[in-house]
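Asker: If you read the protein sequences in the order shown, they are chains A and B. Quick note: the first sequence, position 466, residue 466 per this note's numbering, numbers continuous. Quick note: the second sequence, position 20, residue 20 per this note's numbering, numbers continuous. Sharing a structure here in structure tokens format.
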Amino acid sequence: MSIRTITFDAIVVGGGGAGMRASLQMAQSGFKTALISKVFPTRSHTVSAQGGITCAIASSDPNDDWRWHMYDTVKGSDYIGDQEAIEYMCQVGPEAVFELDHMGLPFSRTEEGRIYQRPFGGQSKNFGEGGQAARTCAAADRTGHALLHTLYQQNLKNGTQFYNEWYAADLVKDADDNVCGVIAISIETGETVFFKAKATVFATGGAGRIYSSTTNALINTGDGVGMALRAGVPVQDMEMWQFHPTGIAGAGTLVTEGCRGEGGYLINKDGERFMERYAPNAKDLASRDVVARSMMMEILDGRGDGPDGDYVYLKLDHLGEEVLHSRLPGICELSITFAQVDPVKEPIPVVPTCHYMMGGIPTNVNGQALKFSGGHEGEDQFVNGLFAVGEVACVSVHGANRLGGNSLLDLVVFGRAAGLHIEEALRQGMTQYEPSEADLERALSRVNRWNDSKDGESVSSLRKELQSTMQNHFGVFRKGDLMEEGVQKLAKLRERIANAHLEDKSQSFNTARIEALELDNLLEVAEATALAASGRTESRGAHSRYDFPDRDDENWLCHSVFDPTSKKLGKRDVNFKPKTVDTFQPKIRTY
Amino acid sequence: MKVSIYRYNPDTDREPSMKEYEVDTQGKDLMVLDVLNLVKEQDPSMAYRRSCREGVCGSDGMNINGKNGLACITPLSEVAPGVKDGKKPLVLRPLPGLPVIRDLVVDMTMFYNQYEKVQPYLQNDTPAPAIERLQTPEDRAKLDGLYECILCACCSTSCPSFWWNPEKFLGPAALLQSYRFLADSRDEATEERLSRLDDPFSLFRCHGIMNCVSVCPKGLNPTRAIGHIRSMLLERGV
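Structure representation (structure tokens):
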């Protein structure tokens, strides 16, 4: 077999915040680490994060407490976030955020010279009793950009080996399902290579491109989830997709929740501040699932504006030009470019838009991927050699609904944790699993399938159909029969995609080939989402069903686990055992 | 509307050529990237980079009817009069001055090398406090207009000095980042940073042509940053 092999101690797939935080940790330790990214790292989707990174660093409130942040996160998750993982994230968070400052991240500042923090949705003081907190650390409204560039710079400084514009196509595993590395393609030359490593870390981000309307970058095609499912690795809570309340109508571009944190609010076509009716206390700063649903109710009840009555408005002009230009400069730019509206003068037309995948590859706090073995945690087994961090992972700190500002914290805390764990494991001696020729052939089969395709449908038309199926059958509000139709459509799409055609077989920078390989991943993510969504017969967090409108703690206070081999949906216990605080017991969730 | 695009595939083409496409925009004021995506539906072999499609990742810098810009935030109405209405073609070429890999994709190695040369990372050997290093809002404000760079290379590839000496002249993007760290109150490597720039080429090849300022899609001003570094070098020389 003539495939070139490149060997490392550890490889990280994905150059966003999580991947680069993990690679930085390992590069500092001196182990041979490579980062494989399908785009130059600063083009990763972390760059689009705006409002900030939520963390109890006690700048805006000297008495702030990470336990309050933990309480908010558990409640925000609608009680299916794992409390041990949430505890770890909130407790370790401040250290991880201060490290970012020490690395040079240009945070906005308070008069005292500390990091500026703004209010975000779902935040409270004193376990929900002390009113709105301001806990989101910000670099104006470009926090993700500042964070991503800072991490790239630190990786340069510490000598991480980058394989930029290399596309990881599939996992390589041995006969016992141990992970040995990945097959990756150099986009520039077309060469296909086996990257062999003791630890393979997936940091491939989200998959918002399964929907037609999304805030996500065009590159967010769920490559990690696709690779995992094809390798037989289960995924968890895939029905849980966050619809961000404020995507610019038509364009899908994100408008940060920080706008509402700074005092902006939503109005319907009559100019009414409708969130006062849905969430009397938190109003526009209720958590995202609540706000998105309220907006959709307004639109469905005929109070949306525009030719099709399909959007509401985000009003900011009352904040004044100075605040808008100093705190939300990027939003002013985006709004003028994509909505032709200057927020200093007029409200921005907005609509709930697919934003974040709460589900993903189940892991523990060290990023180790878990296999499902039948019911109770503790019985979980590891997928040897495989790790996942960031949006592709489901630790799970977001449960059924992520709080704004918690994704950037998730990235740095768990990227770092996985790096620390792997560093230690390598020091103690990790096994390098060796694939046979047949194992490599199997991993290459999908790439070969596309390269050998002779005729069939085009990638772009199939992708559009997949996206509209997800948009129409698995949106903000869901219903059994409608989802069943969606599942049928996806089953047909699977057959058609298996016979689709890659016309361009050239080697140099063949983006048609990459888009074809991405389409397979979109399908895997879509199918797991569809089957998990129709399987969870309740409403919880972001998963909202007309036919099962209530939360059902008796049957569904648990993770869903989708097994790709049987295509069956199982259940897994939520962790209710934090190490240093009492368990937060499930309560009725109101804002 | 008519679109004319620079095409070159090293696997099959001896030399580059311009290829014409007919795209139906339904009269909408689409972004140039939307038009490219429509072209790719017709002709999947068309190669270009794209990611965030909102002007923050810097992937899709290209030469649009003679001017460098980001395809995703350049509406047809702003390209040139007549383009949106189909009276004039939209003409897309790769960023000038860098080797072409394929179609609109250029090899950015030289650009990234210059960026790396300015040591674009905070340097501070003083042991860090248990919290953040304090910085006044006034000191932080000095980084505005510097840190927002997205490394799209629109500026450096519109700079005649960079075209002439892409290996020796650092170019506007790298120099903007050099000043971003010189201006950071938390950075301690000022002297070393300046001494690395103190030669006839690295910085002093800037002739104040200001093409960089006129094309920057983020509205940044590398020429001004270069001016600040010049002053720092002069003060240091005295």
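Glycine included, each C-beta is placed from N, C-alpha and C at the ideal position. Predicted model, so just to flag it, every value in this text is computed and none were measured.
What separation, rounded to the nearest whole angstrom, lies between the Cα atoms of G330(A) and D141(A)?
Answerer: Going by the C-alpha atoms only, they are around 6 Å apart.
Asker: Just reading off the alpha helix (DSSP H) that N126(A) is part of, what are its end residues?
Answerer: That residue, N126(A), is in no alpha helix (DSSP H); it is neither H nor E in DSSP.
Asker: Run through chain B and tell me which residues come within less than 9 Å of M103(A), C-beta to C-beta.
Answerer: Within chain B, the residues near M103(A) are Y121 and L122.
Asker: Using a C-beta cutoff of 7 Å, does G218(A) count as contacting chain B?
Answerer: In the sequence as presented, Gly is not what sits at residue 218(A); that position holds Leu. By this cut-off, L218(A) is an interface position.
Asker: Since C212(B) is in the alpha helix (DSSP H), which residue starts that stretch and which ends it?
Answerer: Note, C212(B): alpha helix (DSSP H), N211 to V215.
Asker: Quick one: measure Cβ to Cβ for E524(A) and L229(A), integer angstroms, because I've assumed they're closer than 8 Å.
Answerer: Confirmed, Cβ separation roughly 5 Å.
Asker: Mind checking if R402(A) is an interface residue toward chain B, Cβ cutoff 7 Å exclusive?
Answerer: No - not a single Cβ of chain B is within 7 Å of the one on R402(A).
Asker: Just grab the DSSP bridge partners of I115(A) for me.
Answerer: Looking at the DSSP assignment, I115(A) forms a beta bridge with R109(A).
Asker: At the level of alpha carbons, what is the spacing between R67(A) and M358(A)?
Answerer: Going by the C-alpha atoms only, they are around 22 Å apart.
Asker: Mind checking the stretch 87 to 108 of chain B against chain A and listing, in chain order, the residues whose C-beta falls within less than 7 Å of any C-beta there?
Answerer: The residues in question are I101, R102 and V105.
Asker: Looking at the secondary structure, which residues open and close the alpha helix (DSSP H) in which H244(A) lies?
Answerer: No alpha helix (DSSP H) contains H244(A), which is instead part of the beta strand (DSSP E) from W241 to I248.
Asker: Under the three-state reduction of DSSP, which class applies to K117(B): helix, strand or coil?
Answerer: Three-state result, K117(B): helix.
Asker: Give the range of the alpha helix (DSSP H) segment to which M297(A) is assigned.
Answerer: It spans R288 to L300 - the alpha helix (DSSP H) in which M297(A) sits, taken as one unbroken run.
Asker: First and last residue of the alpha helix (DSSP H) that includes F372(A)?
Answerer: It is not in any alpha helix (DSSP H) - F372(A) carries neither H nor E in the DSSP assignment.
Asker: For the putative contact between A542(A) and V235(A), defined by C-beta atoms under 8 Å, what is the C-beta separation to the nearest angstrom?
Answerer: Not a contact, Cβ separation roughly 16 Å.
Asker: Just the chain C side, please: which residues come within less than 8 Å of A146(A) by C-beta, in chain order?
Answerer: Any reference to chain C falls outside this structure, whose protein chains are A and B.
Asker: Taking a contact to mean a Cβ-Cβ separation below 7 Å, would you say Y71(A) touches F127(A) in this structure?
Answerer: Contact: yes.
Asker: Determine the direct distance from the alpha carbon of V105(B) to that of L411(A), and round the result to whole angstroms.
Answerer: Computed Cα separation, rounded: 30 Å.
Asker: Please determine, among A134(A), R21(A) and I36(A), the residue with the shortest C-alpha to C-alpha distance to I11(A).
Answerer: Checking every option, the nearest Cα to that of I11(A) belongs to I36(A).
Asker: Can you give me the start and stop residues for the beta strand (DSSP E) that D221(B) sits inside?
Answerer: Going by the sequence as given, residue 221(B) is Asn instead of Asp. No beta strand (DSSP E) contains N221(B), which DSSP labels as neither H nor E.
Asker: To which residues does DSSP link N448(A) through a beta bridge?
Answerer: Note: N448(A) sits in no beta bridge, so no partner.
Asker: For S59(A) and A512(A), what's the separation of their Cα atoms in angstroms?
Answerer: Rounded to whole angstroms, S59(A) to A512(A) spans 48 Å at the Cα level.
Asker: In whole angstroms, give me the CA-to-CA distance for E377(A) and D582(A).
Answerer: Bear in mind that a pLDDT of 49 at E377(A), under 50, signals an unreliable position, so the number given afterwards is only what the model happens to contain. Those two C-alpha atoms are separated by around 19 Å.
Asker: Quick one: grab the DSSP three-state call for S326(A).
Answerer: Of the three classes helix, strand and coil, the one that applies to S326(A) here is helix, per DSSP.
Asker: Using a Cβ cut-off of 7 Å (strictly closer), state whether C212(B) contacts chain A.
Answerer: It does not; no Cβ of chain A falls within 7 Å.
Asker: In the structure shown, what three-state DSSP assignment does T565(A) receive?
Answerer: T565(A) falls in the coil class under three-state DSSP.
Asker: For P129(B), which three-state DSSP category applies?
Answerer: P129(B): coil per DSSP, three-state reduction.
Asker: Would you kindly report the start and end of the unbroken beta strand (DSSP E) that includes H355(A)?
Answerer: That run of the beta strand (DSSP E) goes I348 to M357.
Asker: Using the C-alpha atoms, what's the distance from K19(B) back to K84(B)?
Answerer: Their Cα atoms are separated by approximately 19 Å.
Asker: Y278(A) and K315(A) - do their beta-carbons sit closer together than 7 Å?
Answerer: Cβ atoms of K315(A) and Y278(A): not closer than 7 Å.
Asker: Taking the continuous beta strand (DSSP E) assigned at Y163(A), which residues delimit it?
Answerer: Residues Q161 to N164.
Asker: At the level of alpha carbons, what is the spacing between L466(A) and V561(A)?
Answerer: C-alpha separation (whole angstroms): 23 Å.
Asker: List the whole-angstrom C-beta distance separating S534(A) from G480(A), where the pair is believed to meet the contact cut-off of C-beta under 8 Å.
Answerer: With 8 Å as the limit, S534(A) and G480(A) qualify as a contact, their Cβ atoms being about 7 Å apart.
Asker: Identify the residues that DSSP records as bridge partners of H543(A): which are they?
Answerer: Note: H543(A) sits in a beta bridge opposite R540(A).
Asker: Which residues bound the beta strand (DSSP E) around I267(A)?
Answerer: Where I267(A) is concerned, the enclosing beta strand (DSSP E) stretches over Y265 to I267.
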